[in-house]
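Q: Here's a structure for you.
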Amino acid sequence: MAYSNFTLGQVRKAFELETVRKWGIFADIAPVEPSALLTAVLERNMPFALAMGTEKAKSELIVSEVLVELCVYFDNRVSLFSGIDFNVDGSKELTGVCGFLVSLSPEAFELEAPVIALVEAKNSDVKLGVAQCAAEMVAAQHFNAEHGNSIPRVYGAITSGTDWLFLKLEGKTLHIDMRIYTLERCDRLLGILASMVKQEA
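This is the structure in structure tokens:
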């Protein structure tokens, strides 16, 4: 079973997770001002992404631009991977392709631990991607542990391009921020993503 085939109930049962749903978990994080380049690129790309309306278009024209900005903000001390096979444990069905992965390693050509964040683009309702993202976050926990580079928290995001929903997996507790954050406040999105890299969220 691929990550996308999990239901949230299956993830919780298979990996003995406790789910905590709360409004505004990431709301008080300090914003990070986007560069003039990112602002201009998003203004240019947004009409095309929304007109095409596919996950692929939104990933390429919006999400990837935001995540590249994140890497640049950290002087490329983190690395970004897109559309790669993340086959961690076939016996636990932790296999499949991930939309985007962010690693705390600067190695850009091969995925190294620790994987810090996973981002999935969805066509419309971001809440429909929670189960898939949660399964990928569990896989990241296992991947990091197997490589002797565990970190306290793994983060996730599901986005339609314009709407973003954020998750945090800490041990066996999956925190779901029920607040939807929007691209109109790109500074807030970048602040949250930066805090994930710093393990401060």
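202 is the number that the numbering used here gives the last residue of the sequence shown; the numbers go up by one with no jumps. Don't be surprised by glycine CBs; every beta carbon is placed ideally from N, CA and C.
1. Please work out which residues of its chain come closer than 7 Å, Cβ to Cβ, to Gly130, disregarding the five sequence neighbours upstream and downstream, and give them in chain order.
2. Taking the straight line between their C-alpha atoms, what separation do you get for His148 and Asp188?
3. When DSSP labels each residue in this structure, what does Leu81 get in the three-state scheme?
4. Decide if Trp24 is buried, meaning its Cβ has at least 16 other Cβ atoms within 10 Å, or exposed.
5. So what does Cys187 bridge to, in DSSP terms?
6. Which of the three DSSP states is assigned to Phe7 in this structure?
7. Assign Val98 to one of three DSSP states: helix, strand, or coil.
8. Using C-beta distances below 8 Å, list every residue in its chain close to Ser161, excluding the 5 sequence neighbours before and after it, in chain order.
9. So what's Lys57 in DSSP terms, helix, strand or just coil?
10. Is there contact here, the stretch 105-119 with the stretch 78-85, by at least three beta-carbon pairs under 8 Å?
11. By DSSP, does Val89 sit in helix, in strand, or in coil?
12. Which same chain residues, not among the five before or five after Phe75, have their C-beta less than 7 Å away from its C-beta?
13. Please tell me whether Val21 and Ile177 are closer than 9 Å, where the distance is taken between their beta carbons.
14. Should Phe7 go down as buried or exposed, given a rule of 16 or more other Cβ atoms within 10 Å for buried?
A: According to the data block:
1. Here residue 130 refers to the residue found at position 129 when the sequence shown is read from its first residue. If we look at Gly130 and ignore the five residues flanking it on each side, its Cβ neighbours are Glu121, Lys123 and Ile159.
2. Here residue 148 refers to the residue found at position 147 when the sequence shown is read from its first residue. Here residue 188 refers to the residue found at position 187 when the sequence shown is read from its first residue. For His148 and Asp188, the distance between alpha carbons rounds to 33 Å.
3. If you number the sequence shown from 1, residue 81 lands on position 80. DSSP places Leu81 in strand when its eight states are reduced to three.
4. On the sequence shown, residue 24 is found 23 positions in, with the first residue counted as 1. With fewer than 16 Cβ atoms within 10 Å of its Cβ, Trp24 is classed as exposed.
5. Taking the sequence shown and counting its residues from 1, one reaches residue 187 at position 186. Cys187 is not bridged to any residue.
6. As a working mapping, residue 7 is identified with position 6 in the sequence shown. Of the three classes helix, strand and coil, the one that applies to Phe7 here is coil, per DSSP.
7. The count along the sequence shown starts at 1 and reaches residue 98 at position 97. In this structure, Val98 counts as strand in the three-state DSSP scheme.
8. Looking up residue 161 in the sequence shown gives position 160. Counting only Cβ-Cβ distances below 8 Å, and skipping sequence neighbours, we find Lys59, Ala122, Lys123, Asn124, Ser125, Asp126 and Val127.
9. If you number the sequence shown from 1, residue 57 lands on position 56. DSSP places Lys57 in helix when its eight states are reduced to three.
10. A contact exists between the stretch 105-119 and the stretch 78-85.
11. Your numbering for residue 89 matches position 88 in the sequence shown. Three-state result, Val89: coil.
12. The count along the sequence shown starts at 1 and reaches residue 75 at position 74. Hits under 7 Å: Val198.
13. Taking the sequence shown and counting its residues from 1, the one referred to as residue 21 is at position 20. Taking the sequence shown and counting its residues from 1, the one referred to as residue 177 is at position 176. Against a cut-off of 9 Å, the Cβ pair of Ile177 and Val21 comes out as a contact.
14. The sequence position of residue 7 within the sequence shown is 6, counting from 1. Classification for Phe7: buried.
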